[in-house]
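Take a look at the structure set out below.
In my numbering, the protein residues as written are 12 to 146.
So, in structure tokens, the structure goes:
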């Protein structure tokens, strides 16, 4: 790793619900989720280390890694993994979650959160119920 990186690795979580179980709905939802995470945390795609997506069992038509590569060409280099969420009685349906890790650049014009503050999580649509403390 070479400058302008610094040692601390940042991580942030996010989630969104799909309107329907379809490739189009998946692409729209993960595009919105990832775009919001990147904007709110001042993340450049080139600085992303990896992304780990999970989906609820009722999502069967598309996976988020494939979908994000279709809507975000700048994510072609990002290592991604997808997994199914545990089935929890009464759990949220049609939900995609992500854990995103990146190195922060020192040359950002906008200050990022300090390590003690952490990153800005994003929970959209029905997933906002997962973190009511953020709304």
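Ideal Cβ positions, reconstructed from N, Cα and C, are used throughout, including at glycine. All of these numbers come straight from a predicted model, not from anything done at the bench.
How is residue 83 classed by DSSP in three states: helix, strand or coil?
Taking the chain shown and counting its residues from 1, the one referred to as residue 83 is at position 72. Reduced to three states, the DSSP call for residue 83 is coil.
Specify the secondary structure class of residue 51 as computed by DSSP and reduced to three states.
Stepping through the chain shown from its first residue, residue 51 is reached at position 40. It is helical.
Look up residue 25 in the DSSP assignment and give the residues it is bridged to.
Locating residue 25 in the chain shown gives position 14, where the first residue counts as 1. Per DSSP, 109 and 133.
Tell me whether residue 139 sits in a helix, a strand or coil according to DSSP, three-state version.
Translated into the one-based positions of the chain shown, residue 139 becomes position 128. Residue state, collapsed to three classes: helix.
Continuous beta strand (DSSP E) stretch holding residue 70: start and end
Residue mapping note: residue 70 aligns to position 59 of the chain shown, counting from 1. Here residue 70 belongs to no beta strand (DSSP E), and DSSP marks it neither H nor E.
For residue 29, count the other beta carbons within 10 Å of its own beta carbon; 16 or more makes it buried, fewer makes it exposed. Which is it?
On the chain shown, residue 29 is found 18 positions in, with the first residue counted as 1. Label assigned to residue 29: buried.
Go to residue 94, then tell me how far its beta strand (DSSP E) extends in each direction, as first and last residue.
Within the chain shown, numbered from 1, the residue matching residue 94 stands at position 83. Per DSSP, residue 94 belongs to the beta strand (DSSP E) from 91 to 95.
Which residue from 37, 134 and 115 puts its Cα closest to that of residue 19?
The count along the chain shown starts at 1 and reaches residue 19 at position 8. For the residues 37, 134 and 115, the minimum Cα distance to residue 19 belongs to 115.
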